[in-house]
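Trainee: One structure coming up, written as C-alpha cells, with questions to follow.
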Amino acid sequence: MPHDHANTADLACEVCGRLPEPRKGRLTTASIIAMLPVELAVHAAVVSSDLSLVAKVLVLTVTATTLVIWVAEPSVMRVLRRWLHAPILRERRRLDSAGALWRLRTTVDDTPGALEAITMQLALLEGNILSVQVQPGSDGAIDEFVVDVPERITARDLVEAVEDGGGRDPQVWPTTALALIDGPTKALSAAVRVAGAPQDLPDAVADLLGAEVVDGGPGAPKSYLSGDAARLKVHSRWHGAVVLARPGQPFTAAESARAHRLAELAEVVEGASVRPGEASTASSRDR
0 MPHDHANTAD LACEVCGRLP EPRKGRLTTA SIIAMLPVEL AVHAAVVSSD LSLVAKVLVL
60 TVTATTLVIW VAEPSVMRVL RRWLHAPILR ERRRLDSAGA LWRLRTTVDD TPGALEAITM
120 QLALLEGNIL SVQVQPGSDG AIDEFVVDVP ERITARDLVE AVEDGGGRDP QVWPTTALAL
180 IDGPTKALSA AVRVAGAPQD LPDAVADLLG AEVVDGGPGA PKSYLSGDAA RLKVHSRWHG
240 AVVLARPGQP FTAAESARAH RLAELAEVVE GASVRPGEAS TASSRDR
C-alpha cells in the first residue's frame, strides 16, 4: 500500500482487530462533540414539558445517556476516526518512509583515501553513514559501517558498492538502531557488568562481540555451531577457557584484545574478593 494512502485499518491489531487507544485530548474532544448536541436537544425537549422536576431529571439522565452511548458517540467516533488516530497515522507514515539500517564490514588497504572511496560509493546509493569503526587486520584495515539506505537498496547493491570502492570480502547484515552504540560505550558497559558480577564474563564477552558462548568453562553448558563459524578462546584463571563462536564473521585482533582485557578484569575483581586460603586453593587447582 502506498504510504500516502495509509488509513486507520492499517492500525488494527492482527489478533483482536481493535484500534490503538487515541490520545486523551482528542478522545475528550470527540466525546464532547458527540454529547453536546444530544444533551442540548434532550434538555430543550424535556424542560419545556409539563413533567415534574424528578421526572424531568430521570428522563434527561436515561434518555441522554442512552442516545449518547448507542447512537451519537459511535457515529461521531466513526466520522472522526481518522482525526482521532492522526498522530499515530503520522508516526506510521514516518516509519514506513524511513530507510533500512545495514551493518557492513570489509577489508581495505591501509592507505590514505581508501575509506573515502567506499563512502563515495555508498553516497551514490543515497546511503547515510551513521557510524564507522576501523580495526587493524592482517592484510589491511577492517572497516565496519552502520549505514541508512532507502528501502529499495538490497544487500547485493551494498556489496557491489563496497567492492567498487576497493573493499575486499565485504559482509552485509541488516541491523537495528542498537548497532549505533559506539564501540567504547559497549566496552565500558561490558566492563561495568564484569566488575559487578565477574561470573558473567562469558556472557559479557559474547554480548560485546556479538558472538555465542560455545563453552563457558568448567560445568557450563556447551552449545555447538557449524564448523565454519569463527571461534575465539579467552583464557581466564577463574573460568578456564571460554570459547566463543560467530558464524561468518572472523574475530579481529582488536576484538580479541578487548575480550582478554575483560577476562583480566574479571580475574582482578574475583581475586580481590576471595580470602587468602581460597586463593591458595585456586592456585593449587590451576597448577
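The letter at position 22 of the sequence shown is residue 21 when you use numbering that gives the first Met the number 0, and the numbering goes up by one with no holes.
Even glycine gets a Cβ: it sits at the ideal position worked out from N, Cα and C.
1. Per DSSP, what kind of secondary structure is residue 214 in: helix, strand or coil?
2. With a 10 Å radius around its C-beta and 16 neighbouring C-beta atoms as the bar for buried, classify residue 77 as buried or exposed.
3. Per the DSSP calculation, residue 132 is bridged to which residue(s)?
4. What three-state label does DSSP hand residue 137 in the structure shown?
5. Below 8 Å on the Cβ atoms is my contact criterion, and I expect residue 105 with residue 155 to pass it. Report the Cβ-Cβ distance as a whole number of Å.
6. Who are residue 238's beta bridge partners in DSSP?
7. Would you mind sorting residue 242 into buried or exposed? The rule is 16 or more other CB atoms within 10 Å of its CB.
8. Looking at the unbroken alpha helix (DSSP H) that takes in residue 149, where does it start and where does it end?
9. Are residue 172 and residue 102 close, meaning C-beta to C-beta below 8 Å?
10. Tell me the rounded alpha-carbon separation between residue 125 and residue 149.
11. Exposed or buried, residue 235, counting other C-beta atoms within 10 Å across all chains shown (16 or more means buried)?
12. Near residue 285, what residues of its chain come up, given a Cβ to Cβ distance below 6 Å and the 5 sequence neighbours on each side ignored?
13. Under 8 Å Cβ to Cβ from residue 268, same chain only, skipping five residues before and after it: list those, please.
14. Taking the alpha helix (DSSP H) that residue 39 falls in, what are its first and last residues?
15. Please state whether DSSP places residue 168 in a helix, a strand or coil.
16. Restricting to Cα atoms, I'd like to know which of 147, 137 and 212 is closest to residue 131.
17. Using a threshold of 8 Å, state whether the C-beta atoms of residue 164 and residue 128 are closer than that.
18. Taking the beta carbon of residue 304 as the centre, do at least 16 other beta carbons fall within 10 Å, making it buried, or is it exposed?
19. Could you check what DSSP says for residue 65 in three-state terms: helix, strand or coil?
20. Thinking residue 29 and residue 75 are a contact (beta carbons under 8 Å), I'd like their distance in whole angstroms, please.
21. Tell me, please, which residues DSSP counts as bridged to residue 118.
22. Between the C-alpha atoms of residue 255 and residue 152, what's the straight-line distance to the nearest angstrom?
23. Indicate whether residue 230 and residue 204 have their beta-carbon atoms separated by less than 8 Å.
24. Assign residue 106 to one of three DSSP states: helix, strand, or coil.
25. Between residue 59 and residue 42, what straight-line distance do the alpha-carbon atoms span, to the nearest angstrom?
26. Per DSSP, which one or two residues make a beta bridge with residue 244?
27. Could you check which residue in 270, 202 and 247 has the C-alpha nearest to that of residue 258?
Mentor: Taking the definition as stated:
1. strand
2. exposed
3. In DSSP, residue 132 forms a bridge with 143.
4. Coil, per DSSP.
5. Not a contact, Cβ separation roughly 15 Å.
6. Note: residue 238 sits in no beta bridge, so no partner.
7. buried
8. Unbroken run through residue 149: none, as it is neither H nor E.
9. yes
10. 7 Å
11. buried
12. The predicted position of residue 285 is uncertain, since its pLDDT is 48 and thus under 50; a value taken from the coordinates is nonetheless stated next. For residue 285, where only same-chain residues beyond five positions count, there are no Cβ hits under 6 Å.
13. 193, 194 and 197
14. 23 to 46
15. Of the three classes helix, strand and coil, the one that applies to residue 168 here is strand, per DSSP.
16. 147
17. no
18. Since the first residue shown for the chain is 0 and the last is 286, residue 304 is missing from the structure and cannot be characterised.
19. helix
20. 6 Å
21. In the DSSP output, where bridge partners are listed per residue, residue 118 has none listed.
22. 33 Å
23. No; because the gap between Cβ atoms is not below 8 Å, this pair is not in contact.
24. strand
25. Taking the straight line joining both Cα atoms gives about 7 Å.
26. 211 and 230
27. 202
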